[in-house]
Structure formats: structure tokens, C-alpha cells
Amino acid sequence: MQDNTLWWRGGVIYQIYPRSFMDANGDGIGDLKGITDKLDHVASLGVDGIWLSPFFTSPMLDFGYDVSDYRDVDPMFGTLDDFKALLARAHALGLKVMIDQVISHTSDQHPWFQESRQDHTNAKADWYVWADPRPDGTPPNNWLSIFGGAAWTFDSRRRQYYLHNFLTSQPDLNFHHPEVRQAQLDNMRFWLELGVDGFRLDTVNFYFHDQALRDNPPVPSGEAKTLGAPDANPYTWQRHAHDLSRPENLDFLKELRALMDEFPGTTTVGEIGDDNPLERMAEYTAGGDKLHMAYTFDLLNAPRSAAYIREVIERFQRLAGDAWPCWALSNHDVVRSATRWGADEDPVAYPKVALALLFSLRGSVCLYQGEELGLPEADVPFERIQDPYGKVLWPEFKGRDGCRTPMPWEPTGNGGFTAAGVEPWLPVEARQLPLAVARQQDDADSVLNATRRLLAFRATHPALVDGDLRLVEVGDELLGFVRETGEERLLCVFNLTGQARETRLPMAASETLEGHGFTHERDGDVLRLPPYQAAWFAL
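Here the sequence shown stands for residues 654 to 1192, numbered as in the numbering used here.
Written out as C-alpha cells, the structure is:
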């Protein structure tokens, strides 16, 4: 792209889960030095940057999403100097570095909360969401925690309840308090001044709550439930009208954007879990004065037919205006796409065509570690489960550990993730070992090399990076759209099924594009796509 400050627009961001990427010190847990050692692999894919899940000081009850010091590295992962070395190496390789920011809540070990809970009059008494019990001693309202049970826990010192949308050890900050907002902006400024290129914002629509603490209504019978939480979770039975996505959030996102604008070339991507996620995505990224981009769980969900994906694209485009999405098929919170979407499909061919689709959508892309290998979801036995979410809802929901197991670098033992004979924090999945980086590296037909080809192909076609998208009719079983810039128009058609499909091309296509590794047959205006294949044409 011409303007490097807009690297994120159409950029591909590789997500690293630090605990599971690479262990450099042999304690069974991934660390920052391990990430630095493996950045050459990431750069070889052709991505634009990395996003690091939390590595901040934390009691690790939610594995880093419970922060007790926003400006330091947890000793488990190394030191601040290790992070600076990682940052320098990434930049030397041409990779931007984005880091997670979990600012809606802290750990209950954070000094802010330790002070706030002492009494009603201390300097931080109102920095968290405190509320009196109802007359019968029960919580102030019916809000539920995503991790199970009420979203309120009673504290005997203040004789009040505090709000926590997640674990009881993750109290929610009171963003209605201007000092709280400023403190979190100051924490983010610390990392920007250190040289990071942007932030992934955890639960970006959770910052504000309804100050009147009104009850949430139930989801009416037959209506869609919240995406991003399993159906077995009672949290999905409420319509989340008052506990998140409050209108005040827009003003804070503008304050955040003003901070980012002081550091040209930096960016934000927000995580949105909401009853109307695409509407929120559009609202939060429109206008050029809030988030740069956002992602939802619409493609991190179970449905995956061409008709469903078409409907998601249509719905977003109706709402979008100038909004900018960031699409993902896998991340640290959901079952890996090779299993969630591809369990009954060809284990090599399906991940390739799914990535081909992902890299052709209008928007930016997040690619989760191991997705470039086509890794299936790991099966973690109950006795090895670490995720508190899984422990609460077992066996209907097994938690998120299956997508967080160690990255397989070598095809033997513990996958080369940690020192020989060391037990990693989560077990290495035996089915993933044959898919290790070393095994796929020299196989031209591997998912790894298909990923590299596809990203190189994307980079040479401006329409795929930053073009508009218009859906076209190619039948119910195929997905087709046109990507278009002022200089280039491309027709893209995908067969995500295990059967050959054919369709009439919806428009005259002058040139078949090569270099992506997929095959098709064409007879005049009739296109025949074998199973799990795709085609791109110049118009």
C-alpha cells in the first residue's frame, strides 16, 4: 500500500497465544523469548503483523485476562526487556506488533481494587461498580456472568456487591468515572511510547454499564441468542440491553482514537460479543473517529454454509457504510475452524479453501497460530483442563483449552514446544504432531505452504487488500463476489463442499488468475469447481 500508516487496512495479523507458542526456558510454558525465536516463521507467512494475547502481570486465574499490573510483564513470560527485544526483532522483520488491552476489568489483586474494596470513602472507592444489595440481601439485579452464575459478588468490608462480567476475581471498572478512563488511556500511552503498533481491545463493548442497574429482559422464544457463548450457558438466555454496549461507550472510543492519532500508523481492533454484533461492529468503526476495525463471532460460530456466509456478508454490508471489519475463523476463544467447520471434510483441502475465502473477504484478517498448519481442535481430558470456563460448564462445554494447546514445531515428543522431558502446561495433541511446522515446511501441498501462496497472491492484488465487495449469484452451494478498486476488478468463487459444483459465470471474465494453487475447469461461461477449490478471474 502507498501509505504505510494504513498498513492495518486490509492487513493480515497473526495472533500469538504466548503460553502456547514457544517455551524458551524449559518450564513448560511459552514465553516472550520463545516468541522472538520463532518470529522468522511468522514473517515467512507473509503477514503484516502480530497480535500478542496478554503477557502482563497477573494471578493467571483467567490466563492473563485478569491484569494486576498493566505496565509490566508477568515473570512467567519474561521481563520488560524481553518484550523490548521482541518488539525490535519484529520490527526488523517488517512485522507490526499489536498487544491485548483488557481494560474493562482488572484482577482483584490489582492495587486499584485492593484500595477500592476497603471502604466507601477512599480515593478509588468509585473506580469499580459497587451496588447495595436488594432488601432481601440478594444481588442488585439479574445480570449474569459469562463464566456462570450471577455477575455480582458480595464484599463484607463494604457490605456491597461488585460487578464482574467474568470471574469473581475480575471486578469490572466503573468507566463512568473520568479518572478510570484517563488511567486506562495513560496505561495504553505507556505501551505506545514504548513502540507498539496498536491494540486488540478485549470485550470492547463491555466498558460501560447502565447506571440505573435495570434488569436484563429474557430473550423472546425463538429469537437468536448471543453469539460467542455456548447455548448451555444461561448468559445467552438474556437480552443484554443494560450490562453492555451502552451509548456512552462511543464517546470513550473517540477519546481512545484521539490518543491513537497522536501515534501515526498505530491501530485498534475491538472484540465484540453482543446480541447484534455486526451492528456494533459497524457503529464502532464508522466515521474514522472511533475504532479502526473490529471483529465479531459471526464467522467464529458453528454455521458455515455458503448461504450462511453470504448472509453474514450481506448483513454487514447493509450496515457498514465506511466501517471496516476484521474477519477471523479461529482464535483463542473458539473451537479451531479445521474442526468447528471442517470436522466432516477433507482435513487438508478444507482448511486451504477456508483460508482462501478468509483472505479474499473485504476487511482485515486475523490468523490464529496453528491455523496456517490446518490444526484440528485438541482433545484435552478433564483432569488436564485449565480453563475456568470449561470447569464450570463441563461436559456440555469443555472450555477453550482445545484451541490453546502448544504449537507443534517438530513431529515428535512434545512437538518441540518445550525441552525434552518437560510436561507442557497443556498436553500436546498427538493428532497435531504430523502437522508440525518441520513436517509441512518442505511439502509444497501442505496447508502451511498454501497459506504462504495465498498471502503472496493477496499481496499482489490491491482489490483483495482494500477493494469494495459485491456479492454475485453463483448458486446456493458456491460463494461468489467481486472485489474492486479503481485499477482492478476480480471475480472470486469458492467451493467449500466436498462435491464438484458448477455455475454460469455471472459476468464476462477475461483472464484466469494464477499463483494461488487452486484448480478449476471452464467451458465458455460455465465454471466447474472440483471439491474444496476456488477460482479468481480478472474482469
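Note that the Cβ used here is the ideal one computed from N, Cα and C, for glycine as well.
CB-CB length for Val1146 against Leu1131, believed under 8 angstroms | 6 angstroms
Next on the checklist: Comparing C-alpha positions only, which one of Glu1126, Glu1076, Val1090 sits nearest to Gly683?
Outcome noted: Comparing Cα positions, the closest option is Glu1076.
Relative to the alpha-carbon of Asp731, which residue among Ala743, Asp753, Gly687 has its alpha-carbon at the smallest distance? The question names Asp, yet the displayed sequence has Gly at residue 731. Nearest option by C-alpha distance: Gly687.
Q.
Just to confirm the assignment, what range does the beta strand (DSSP E) spanning Val965 have?
A. First-last for Val965: 959-973, but that is the alpha helix (DSSP H), not the beta strand (DSSP E).
Which two residues bound the contiguous beta strand (DSSP E) that contains Ile703? 702-705
- Query: Shortest alpha-carbon distance to Leu931 belongs to which of Asn954, Ile756, Gly851, Gln970?
  - Reply: Gln970
### Query
Between Asp727 and Thr710, which are expected to be in contact by the criterion C-beta below 8 angstroms, what is the C-beta distance as a whole number of angstroms?
5 angstroms
Task: Gln837 - containing alpha helix (DSSP H), residue span - done: Run containing Gln837: 831-847, per the alpha helix (DSSP H) assignment.
Please state if the CB of Val700 and the CB of Thr665 are separated by a distance shorter than 7 angstroms.
It is Val, not Thr, that sits at residue 665 in the sequence shown. Their beta carbons are under 7 angstroms apart, which means Val665 touches Val700 by this criterion.
Between the alpha carbons of Ala1072 and Asp676, how many angstroms are there, rounded? One alpha carbon belongs to Ala1072, the other to Asp676, and they sit about 8 angstroms apart.
* To do: Starting from the Cα of Met934, find the closest Cα among Thr920, Gly1074, Asp951, Asp884 and give me that residue.
  => Asp951
Exercise for the section: Measure the Cβ-Cβ separation of Leu1117 and Arg1136 and say whether it is below 7 angstroms. Expected result: yes
- Along the beta strand (DSSP E) that carries Leu1010, what are the first and last residues, could you check? Where Leu1010 is concerned, there is no enclosing beta strand (DSSP E), although the alpha helix (DSSP H) it sits in stretches over 1002-1011.
Keeping to the same chain, check which residues put their C-beta closer than 7 angstroms to that of Lys691; ignore five residues upstream and five downstream.
-> Phe674, Met675
Which ranges does the beta strand (DSSP E) cover as unbroken runs of at least 3 residues, wholly within the region 838-921, from first to last along the chain? 851-854
- Please work out which residues of its chain come closer than 6 angstroms, Cβ to Cβ, to Leu740, disregarding the five sequence neighbours upstream and downstream, and give them in chain order. Val750, Gly848
(message) Taking its Cβ as the centre, do 16 or more other Cβ atoms sit within 10 Å of Pro887, making it buried, or is it exposed?
(response) So Pro887 counts as exposed.
Notebook entry, point to check: Roughly how many angstroms lie between the CA atoms of Pro1061 and Asp761, to the nearest whole one?
Noted result: 34 angstroms
- Item | Three-state class that DSSP yields for Arg1123 in the structure shown | strand
**OP:** Measure the alpha-carbon distance for Gln1186 versus Ala973 and round it to whole angstroms.
**Re:** 29 angstroms
Neighbourhood of Lys1044 by C-beta distance below 8 angstroms, restricted to the same chain and skipping five residues each side:
Ile1038, Gly1052
- Query: From Leu866, Gly1023, Ala1089, Val1018, pick the residue whose C-alpha is nearest to that of Asp785; which is it?
  - Reply: Of the residues Leu866, Gly1023, Ala1089, Val1018, the one whose Cα lies closest to the Cα of Asp785 is Leu866.
| field | For Val857, the nearest candidate out of Asp997, Ser898, Thr1138, Tyr1042 (CA to CA) | value | Ser898
Requested in this report: Check Gln754 in the structure and name its three-state DSSP category.
Outcome: strand
### Message
To the nearest angstrom, how far is the alpha carbon of Thr921 from that of Ala947?
### Response
8 angstroms
request  = With distances taken Cα to Cα, identify the nearest neighbour of Pro1004 among Asn1102, Asp914, Phe1050.
outcome  = Asn1102
Straight-line Cα distance separating Gly679 from Ser1163: Spanning the two alpha carbons is a distance of roughly 56 angstroms.
Q.
Taking 6 angstroms as the limit between beta carbons, can you name the residues of its chain near Arg957, skipping five residues before and five after?
A. So the list reads Trp994, once near-sequence residues are dropped.
CA-to-CA distance, His744 to Ala911, given in whole angstroms
Approximately 24 angstroms, taken between the alpha carbons.
- [ ] May I ask which residues mark the beginning and end of the beta strand (DSSP E) holding Ala1109?
- [x] From DSSP, Ala1109 is part of no beta strand (DSSP E) but of the alpha helix (DSSP H) over 1100-1112.
Checklist entry - Would DSSP call Gln655 helix, strand or coil? => result Unreliable placement is indicated for Gln655, whose pLDDT of 43 sits below 50; the coordinate value is still reported in the next sentence. Residue state, collapsed to three classes: coil.
| request: Would you check if the distance between the CB atom of Ile799 and the CB atom of Phe819 is smaller than 7 angstroms? | output: yes
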